[in-house]
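Down below is the structure, laid out as structure tokens.
Numbering (the numbering used here), first residue to last: -2 to 166.
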């Protein structure tokens, strides 16, 4: 009987220790992890291209340099580029296959196919030479709009900008 009582006391202490440890660990995790701003918390401003027939929403800390078929979105964190390519392919998939063969592109991540404002699009990370970059390809009529950045810290900004794309002929 005495043994059962001692075992019961040890068991209760063990259970209370585990409960205390998990509750302490959870509260410690909550105070040490910084909260990343969600896309809805980031302040945005509109950008309308005068040369390339598109509009996007960009974070307010970005400046824009627009050229004939390229646009550069620059912040203190780095650069996001947009290029517009003429296209005679019948689909985005065909365009990417042709471009990959021609450029000998090494694809690092699986291609994710999506729709951006009802236009076929794809995103992936590529290795071009010695440079890794994330790309968005958006297929619009006879054009492919290509948004990219070499800076991994800008991937979420690139996602936001590319997914806000609107074709404005």
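Don't be surprised by glycine CBs; every beta carbon is placed ideally from N, CA and C.
Any beta carbon of chain C sitting closer than 8 Å to that of residue 148? The structure shown contains no chain C; it holds only a single protein chain.
Among 14, 53 and 103, which one has its Cα closest to the Cα of residue 77? For residue 77, the nearest C-alpha among the options comes from 53.
Unbroken alpha helix (DSSP H) runs of length 4 or more, entirely within the segment 53 to 125: which are they? The alpha helix (DSSP H) runs of length 4 or more contained entirely in the segment 53 to 125 are, from start to end of the chain, 89 to 100.
What does a CB cutoff of less than 8 Å around residue 146 pick up in its chain, not counting 5 residues either side in sequence? For residue 146, where only same-chain residues beyond five positions count, the Cβ hits under 8 Å are 75, 76, 77, 78, 130, 131, 152, 154 and 155.
Let me confirm a value: residue 93 is counted as buried when at least 16 other C-beta atoms fall within 10 Å, else exposed. Which label applies? Buried, because 16 or more other Cβ atoms sit within 10 Å of the Cβ of residue 93.
So the beta strand (DSSP E) residue 145 belongs to, where does it begin and stop? Taken as a continuous stretch (DSSP letters only), the beta strand (DSSP E) holding residue 145 covers 140 to 146.
Based on the DSSP secondary-structure assignment, which residues constitute the bridge partners of residue 130? As a beta-bridge residue in DSSP terms, residue 130 pairs with 123.
Consult DSSP for residue 157 and reduce its assignment to one of helix, strand or coil. Looking at residue 157 - three-state DSSP - the assignment turns out to be helix.
What is the rounded straight-line gap between the Cα of residue 124 and the Cα of residue 166? Rounded to whole angstroms, residue 124 to residue 166 spans 32 Å at the Cα level.
Can you give me the start and stop residues for the beta strand (DSSP E) that residue 43 sits inside? Unbroken beta strand (DSSP E) run through residue 43: 41 to 45.
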